[in-house]
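**Q** Take a look at the following structure, please.
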Amino acid sequence: MTLRTAAALLLLALALPCVPAAAAPLNGRDPADDIFYMYMPIAWRDSNGDPQRFGDFGGMKDGLGYLRDLGVTAVWMTPIFTSPAYHGYQHMPADQINPWFGTEAGFLDFVNTAHADSVKVFIDLVCYGVSTNSVYFQDSYLNPASPYTDYLAYYDAHTGNSSYDGSSYTSWNGSSVGFVRWNLLHPPATQLVTGWSRHWLDPDGDGDPAEGVDGYRLDHVLAYDTWGYTIDWWQDWKAALQQVNPSAFTFAEQADWGSHGQDLLSAHDAAFTKPFEFAARAALGSESAAGLYSEMRSTLASLPPGGLYLCTLSDHDVNRLMSDIGNNWGRARAAAAIQMTQPFPPVLYFGDELGMRGTKANYGSDANDIPFREPFKWKAVAGPPMSNYFVLNSQAYNNRVERNNDGRSVEEQQGVAGSLLETYRSLIFTRRNHVALRRGSYAEIPNTRTAVWAFARHAAGQETLLVAINLSGAAVNTALDLSNFDVTDGRSVVRDVQSGAQLADLTTANRSAYPLSLPAYGWAILNAAVTPVPAPPTTGVDGRDIPEDFAAGTLVATQTNGTGLGDNVNELDQMFVLPDSAGLHLGITGNLGTYGTALALFFDTAPGGQNTLETAAFPEPPTGLPELNGLVLDQGFEPDLALWVNGYGATLYVDRYPLILGGGGTKRYVGSTLLNLGTGDLSGGDNPNGLRAACDITNLAGVTATSAAGAATATSGFEAFLPWADLLMSGPGAPIRVLAVIVQANGSVGNQFLPGLAAGTPNLGPVPLSLRDVPGDQFAIVSTTTVAAVAPERPARAGLTLSPNPFRDATWLRFALARAAQVRVEIFDPAGRRVRDLGARFLDAGPHAIAWDGRDDGGRGTGPGLYFARVGTAERTLDAKVLRLR
277 MTLRTAAALL LLALALPCVP AAAAPLNGRD PADDIFYMYM PIAWRDSNGD
327 PQRFGDFGGM KDGLGYLRDL GVTAVWMTPI FTSPAYHGYQ HMPADQINPW
377 FGTEAGFLDF VNTAHADSVK VFIDLVCYGV STNSVYFQDS YLNPASPYTD
427 YLAYYDAHTG NSSYDGSSYT SWNGSSVGFV RWNLLHPPAT QLVTGWSRHW
477 LDPDGDGDPA EGVDGYRLDH VLAYDTWGYT IDWWQDWKAA LQQVNPSAFT
527 FAEQADWGSH GQDLLSAHDA AFTKPFEFAA RAALGSESAA GLYSEMRSTL
577 ASLPPGGLYL CTLSDHDVNR LMSDIGNNWG RARAAAAIQM TQPFPPVLYF
627 GDELGMRGTK ANYGSDANDI PFREPFKWKA VAGPPMSNYF VLNSQAYNNR
677 VERNNDGRSV EEQQGVAGSL LETYRSLIFT RRNHVALRRG SYAEIPNTRT
727 AVWAFARHAA GQETLLVAIN LSGAAVNTAL DLSNFDVTDG RSVVRDVQSG
777 AQLADLTTAN RSAYPLSLPA YGWAILNAAV TPVPAPPTTG VDGRDIPEDF
827 AAGTLVATQT NGTGLGDNVN ELDQMFVLPD SAGLHLGITG NLGTYGTALA
877 LFFDTAPGGQ NTLETAAFPE PPTGLPELNG LVLDQGFEPD LALWVNGYGA
927 TLYVDRYPLI LGGGGTKRYV GSTLLNLGTG DLSGGDNPNG LRAACDITNL
977 AGVTATSAAG AATATSGFEA FLPWADLLMS GPGAPIRVLA VIVQANGSVG
1027 NQFLPGLAAG TPNLGPVPLS LRDVPGDQFA IVSTTTVAAV APERPARAGL
1077 TLSPNPFRDA TWLRFALARA AQVRVEIFDP AGRRVRDLGA RFLDAGPHAI
1127 AWDGRDDGGR GTGPGLYFAR VGTAERTLDA KVLRLR
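Now the structure itself:
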């Protein structure tokens, strides 16, 4: 049990080493093992005593000892390139070092020293634009004949060069900052930006990247934007960097902070846990853990196999963490525990470990953000080596948040038991020395207190840690529900890994209500010999093999018309519907475009819906449904709700709209997932009932632009599980009516309906439009009882599949037997050697799922790589590949 009394902390400080275990060598060190630290060079540390004591490269080098003692293994800094702005963004060409900080030689000296300390170095980089002070703008503005015209985003290129995509503002010291977008559709512009990026990976160009930076943090990244700034561009850029350093690590700040950034991971190694950052701040402020449970669930669900996020609770773009949680030291310590025990590599923002404060001001320039970017507090009384850069803005300086002797400095907290700085140091030490915290899986643990976030971190074959964090200012007694954990040999010793205290044994008898006491804002990190029981895979909502996934008799409609919106781009081939006791399974084979085109699903499940759509008042995005206002539907079809499923870039978005007679109601954004991901888990939205959706747009079969004859040959497309509550129903019973149609982003109605239109019908176009003028009924009547009585569960596929695949800790082998049989289940490596015999057993006919926990026959964890799963009976053998991740 981790105690937080002064006496216990003093004993703990004496018992623990002062410095965490040495970092692994840089070459090949998994980013999952890193502790990132972010600072602004100008505010970090001065070394040469210049008039405003700007932070510089010498100060960065001098500060490495502090970071090493704190346990930091990677640093990320805001741009170091020439810029009139103190923060370094909107910078000049990225081959020009800002003289405020020093020279290129000074920077590389810092990099080499950091590497000698096993600390990675990452530079912040802006790839989408450049300063208007650069030669590219200065030569081309108002000069259509300039050779740089096509390098930049001019709206009137080669005619006036006067209108461009950019901005300007005043910096903290009164300087003007101008910025213009690159035209990355112009190959020379791309080559320029890419060349600068490659340079810092191998500055001396000798082919050995050892003296270069380890990668980049990328500012304001979009998967799809104008001027060539797309995920395809990023993929090419990253490939060019890997030619210089195959291990170059890039992490992207998603421009949309409401997104998890999963759509950027095809080009970058990581994005940030921005939604979790805001959820954690809200949880700490309200002292309620509900948001931590739900957002961590969403964050993990959004992560593609093999992907990575970096966990931030603060950075240079938001109010200081301490200010947002009420300037409460206890909450700040709980925040440290959250960040150092959650599943992703943590990024610590400079000064958070000291409890520095600051909120956005209104000074009429970019000095507005200085309150949460104030100089790092090395000393109790301001002076060297502390930066004094903010003295150049009188408002920011005179209203500065941090003051002398306020208890928020390294000098005042270092070595002081119970200080926030020592709390961070202890927790970082704990994370670095426990593989379960660095790389382990996450399994939430229900408990009896709303203020307690409890979860397990499990490293298969190595250790399991149980974590419980009390967000409340009062001590609590709680009970952890570990029913979904196996207790080794029925009893386990439980020991706090920080204090060494031994708690009551965990047994099969008490695991459903294991008692635990936590002090105010306290936590426990407990080692126990338990293993999370993998949850059986949910019914396969993956958008693949749709006809095979649905029982006989579930086909509702087949396309009768060729597509007018692009063969293999936008088409609806067949619709399948399968009700069960929990909800409606829906499968639609076909394709969906990726530029805002929507699959619009209308459901008539109760009296009182809209026969003429009244949707103008719904907010955008997405576009499309408001533009359908006034669309007249067929007689007898009055939908009560619509699901708007649209693809944009690499992402599938799902929104739910009530269709109330007379209009009104509130749109609900349900969540998003990646297209072609093969999982129905939605994240980032409001999804209380567990709606699942997936879309695979790789279909090359089905209808063409001229014929619907091949509609039944398509197998992939859109698949969803719709809980009855989302359909305004309490359960199966009454028939419902369903319409599916593809609608363009501007509201123009295509010719792909299910049930289908007459052959040869063109796209219907925009409203005003009445479906009563179109032959036939554009809706299907679906029973919610008949099929469910025959097939209460979705059938498994005839072959062998593994889910998840790739996997980290455990995967399920799923298969179906036509008749009862003796079955042997085995795992092999690529050389054909058996790794694990999962046993022989007699199984009944029907679907089955058998778990492999990633261990070999000796109980040891297997390494990352390719394996082969085999299910054999006397009649046949089923084989499938599975990839285990690190």
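If you're matching positions, the sequence shown starts at 277 in the working numbering and goes up one per residue.
We treat Cβ as the ideally placed atom computed from N, Cα and C, and that holds for glycine.
Keep in mind it's a predicted model, so treat the numbers as computed, not measured.
When we look at the beta-carbon of I1057 and count the other beta-carbons within 10 Å, is it buried (16 or more) or exposed?
**A** Classification of I1057: exposed, given that the 10 Å Cβ count is below 16.
**Q** What are the residues that DSSP puts in a beta bridge with A719?
**A** A732
**Q** Please report the residue range of the beta strand (DSSP E) in which T865 lies.
**A** 859-867
**Q** Take P1080 as the anchor and find which of D426, L576, D495, A381 has the nearest alpha-carbon.
**A** Answer by Cα proximity: L576.
**Q** Which of the three DSSP states is assigned to G1009 in this structure?
**A** coil
**Q** Rounded to the nearest angstrom, how far is the Cβ of Q538 from that of P581, given a contact under 8 Å?
**A** The C-beta distance from Q538 to P581 rounds to 11 Å, too long to meet the 8 Å contact threshold.
**Q** On the DSSP letters alone, give me the boundaries of the alpha helix (DSSP H) that R609 sits inside.
**A** 605-617
**Q** Smallest Cα separation from A985: which of F398, A1035, N419?
**A** A1035
**Q** Do you know offhand how far G683's Cα is from F548's?
**A** Their backbone Cα atoms lie some 31 Å apart in a straight line.
**Q** Apart from the five residues just before and just after A1010, which ones in its own chain have a Cβ nearer than 7 Å to its Cβ?
**A** T1060
**Q** Jot down the residue ranges of each uninterrupted alpha helix (DSSP H) in the segment 341-373, minimum 4 residues, whole runs only, in chain order.
**A** Taking 4 residues as the minimum length, the segment 341-373 contains no alpha helix (DSSP H) run wholly inside it.
**Q** Who pairs with G1122 in a beta bridge, going by DSSP?
**A** In DSSP, G1122 forms a bridge with L1093.
**Q** Roughly how many angstroms lie between the CA atoms of A1016 and N723, to the nearest whole one?
**A** 43 Å
**Q** Alpha carbons only, please: which of P1123, G1137, V1101 is nearest the one belonging to A1156?
**A** V1101
**Q** If you compare alpha carbons, which of L967, T888, N963 is closest to L937?
**A** T888
**Q** Taking 8 Å as the cut-off, does the segment 354-373 touch the segment 317-326 (at least 3 CB pairs, one atom from each stretch)?
**A** yes
**Q** Which of helix, strand or coil does DSSP assign to T1062?
**A** With a pLDDT of 41 at T1062, under the threshold of 50, the predicted position of this residue should be treated as unreliable, and no value is reported.
**Q** For A610 versus L696, is the C-beta spacing smaller than 8 Å?
**A** no
**Q** Could you work out which residue in N324, S416, V908 is closest to G1045 when comparing CA atoms only?
**A** Before going on, a small fix: residue 1045 reads as Leu here, not Gly. Of N324, S416, V908, the residue nearest in Cα terms is V908.
**Q** Measuring only the C-alpha atoms, how far is Q671 from T354?
**A** 23 Å
**Q** From T617 to N374, what distance separates their C-alpha atoms?
**A** 37 Å
**Q** Taking the alpha carbon of T949 as the point to measure from, which residue in D880, S410, D371, H536 has its own alpha carbon closest?
**A** Of D880, S410, D371, H536, the smallest CA-CA separation from T949 is found for H536.
**Q** To which residues does DSSP link E847 through a beta bridge?
**A** N867
**Q** Assign K337 to one of three DSSP states: helix, strand, or coil.
**A** In the structure shown, K337 sits in a helix (DSSP, three-state: H, G or I).
**Q** Tell me whether the segment 561-571 and the segment 517-526 touch, counting them as touching only if at least three CB pairs, one residue from each stretch, are closer than 8 Å.
**A** Flag = no, the segment 561-571 and the segment 517-526 do not touch.
**Q** Below 8 Å on the Cβ atoms is my guess for H462 versus Y427; work out the distance and round it to an integer in Å.
**A** 6 Å
**Q** Counting Cβ pairs, one atom from each stretch, are 3 or more of them under 8 Å apart for the segment 1019-1028 and the segment 987-995?
**A** no
**Q** Mapping DSSP to helix, strand and coil, what is G471?
**A** helix
**Q** Note down the Cα distance separating P795 from A750, rounded to an integer number of angstroms.
**A** 7 Å
**Q** Can you grab the Cα-Cα spacing for the pair E896 / P902, in whole Å?
**A** 8 Å
**Q** Considering only the beta carbon of each residue, do V351 and V397 sit closer than 8 Å?
**A** yes
**Q** Is the beta carbon of M314 less than 8 Å from the beta carbon of D591?
**A** yes
**Q** Between A643 and the rest of its own chain, which residues show a CB-CB distance below 6 Å, the 5 nearest in sequence each way excluded?
**A** W448, N669, A672
**Q** Where in the segment 476-524 do unbroken runs of the alpha helix (DSSP H), each at least 4 residues long, occur, reported from the N-terminal end onward?
**A** 507-520
**Q** Mind checking whether L1093 and A1121 have CB atoms under 8 Å apart?
**A** Taking 8 Å as the Cβ cut-off, L1093 and A1121 qualify as a contacting pair.
**Q** Please report the distance separating the alpha-carbon of I721 from that of G912.
**A** 48 Å
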